[in-house]
Amino acid sequence: MVFTFCIEGGNFSKAGSASSEVKKILKQLNVDSKIIKRTVVSLYEAEVNVVAHAFDGDMIVEIFPDKIAVRIEDKGPGIPDIDKAMEKGFSTATPKVREMGFGAGMGLPNIKKNSDEMNISSKVNVGTKLEIVNYLK
Amino acid sequence: MVKVADLVDKLNASVICGKDDLNQDISFGFASDLMSDVLTLDTDNLLLITGLNNLQTIRTSEMSDISYILFVRDKKVSQEMKDLACENNITLIECSYSMFKACSILCEMGLEPVY
Ligand SMILES: Nc1ncnc2c1ncn2[C@@H]1O[C@H](COP(=O)(O)OP(=O)(O)OP(=O)(O)O)[C@@H](O)[C@H]1O
Ligand SMILES: [Mg+2]
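Protein chains in written order, with the working numbering: chain B, 8 to 144; chain P, -12 to 102.
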């Protein structure tokens, strides 16, 4: 099964709607609630990152019998130093993003914590691609 | 453990949506205006205490399986927030006390910290 969702950069009132759809699908498939939570928290962090830091993006969700694989690709400024971005507390979030309750530099480390596999690649001034895999043990 | 109905009473608070299950017990409390922090928790049966009243507060709770949100400092819930909360079976409570006052009362009532 493959599902694709669009993510609109800058639109905080819609942020989370893609992750919310994924949550409904996983619930319907009777996936274990702990795995659902780990997965949708990661997806939501990634979705908010596109809204907060990029222009627009796609979330492509593939569900297999044994795993969920998700790719979040955006067009945006990209990440110049990924190791730095992965550090707890590193953030370039604007005051507007902070007002929404984000921008603590916790998102990427939290995605790492909540996913079995995580891969991130980025090109400055082009965009960022994040891949997450969670196994349905 | 604290019963929802009891904390509503003690905090002089009002229930905005999810009036049906006020007999439930809640074990833990976490107070923050920073959703980045809330998203790092993996605690079940938690009351989120916050002064951040926007849609992302509800979205964060939806993703984190948080079923109870207490808004302090007299922050009001918007219709959009209410609709999204109802859809996700999240109980919203409004209270005019400061976060510190609300937390100290809840602590005394037996609500436990996450860490
Ligand atoms: N999709 C993206 N496009 C461009 N830059 C990004 C993207 N995702 C993350 N970043 C960069 O990496 C930094 C760290 O991201 P991370 O998610 O850990 O923290 P944050 O989004 O700033 O705050 P938080 O996630 O705690 O709300 C961001 O501040 C930003 O500079
Ligand atoms: Mg982030």
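C-beta: ideal position from N, C-alpha, C; glycine also.
Computed from a prediction, not measured in an experiment: that's the story for all the values here.
Helix, strand or coil: which one does DSSP assign to residue i?
{"i": "P/R60", "result": "coil"}
{"i": "B/Y51", "result": "helix"}
{"i": "B/D123", "result": "coil"}
{"i": "B/P87", "result": "coil"}
{"i": "P/D12", "result": "strand"}
{"i": "B/A76", "result": "strand"}
{"i": "B/F71", "result": "coil"}
{"i": "B/S26", "result": "helix"}
{"i": "B/G64", "result": "strand"}
{"i": "P/E81", "result": "strand"}
{"i": "P/L98", "result": "coil"}
{"i": "B/T46", "result": "helix"}
{"i": "P/S91", "result": "helix"}
{"i": "B/G134", "result": "strand"}
{"i": "P/D(-7)", "result": "helix"}
{"i": "B/E15", "result": "strand"}
{"i": "B/L115", "result": "helix"}
{"i": "B/K21", "result": "coil"}
{"i": "B/T101", "result": "coil"}
{"i": "B/V38", "result": "coil"}
{"i": "P/D7", "result": "helix"}
{"i": "B/A92", "result": "helix"}
{"i": "B/N56", "result": "helix"}
Mind checking whether the beta-carbon of residue i lies closer than 7 Å to any heavy atom of ligand 1?
{"i": "B/P84", "result": "yes"}
{"i": "B/A100", "result": "yes"}
{"i": "P/V7", "result": "Note that residue 7 of chain P corresponds to Asp in the displayed sequence, not to Val. No, ligand 1 has no heavy atom inside 7 Å of this Cβ."}
{"i": "B/A59", "result": "yes"}
{"i": "P/T44", "result": "no"}
{"i": "B/S128", "result": "no"}
{"i": "P/S23", "result": "yes"}
{"i": "P/F58", "result": "no"}
{"i": "B/D90", "result": "no"}
{"i": "B/D81", "result": "yes"}
Mind pulling the chain P residues with CB within less than 9 Å of residue i?
{"i": "B/K44", "result": "D29, M50, S51 and D52"}
{"i": "B/M113", "result": "L21, S23, D24, L26 and T27"}
{"i": "B/S26", "result": "R46, E49 and M50"}
{"i": "B/N126", "result": "Residues of chain P passing the Cβ test: none, with the nearest at roughly 20 Å."}
Heavy atom of ligand 2 less than 7 Å from the Cβ of residue i, yes or no?
{"i": "B/N121", "result": "no"}
{"i": "B/E94", "result": "no"}
{"i": "B/V55", "result": "yes"}
{"i": "B/F62", "result": "no"}
{"i": "B/F109", "result": "yes"}
{"i": "B/G114", "result": "yes"}
{"i": "P/A89", "result": "no"}
{"i": "B/E52", "result": "yes"}
Going along chain B, which residues have a C-beta under 8 Å from residue i?
{"i": "P/Q43", "result": "F19, A22, G23, V55, M107, G108 and F109"}
Starting from residue i, find everything on chain B with Cβ-Cβ shorter than 7 Å and list it in chain order.
{"i": "P/F39", "result": "First, the amino acid is wrong: residue 39 of chain P is Leu here, not Phe. What P/L39 touches in chain B: G108."}
Please list the partners that residue i has in chain P, where partner means a Cβ-to-Cβ separation under 7 Å.
{"i": "B/V47", "result": "M50"}
{"i": "B/N117", "result": "L26 and T27"}
Can you pull the chain P residues whose beta carbon is under 8 Å from the beta carbon of residue i, in chain order?
{"i": "B/E52", "result": "L26"}
Inter-stretch contact at 8 Å, needing at least 3 Cβ pairs: the stretch 117 to 135 of chain B / the stretch 42 to 52 of chain B: yes
Contact the stretch 70 to 83 of chain B vs the stretch 126 to 140 of chain B: 3+ CB pairs below 8 Å: yes
Stretch pair the stretch 46 to 53 of chain P + the stretch -5 to 11 of chain P: three plus CB contacts closer than 8 Å: no
Stretch-stretch touch, CB-based, cutoff 8 Å, three pairs: the stretch 17 to 33 of chain P with the stretch 66 to 74 of chain P: no
contact_flag[the stretch 28 to 35 of chain B, the stretch 79 to 99 of chain B] where n(CB pairs < 8 Å) is 3 or more: no
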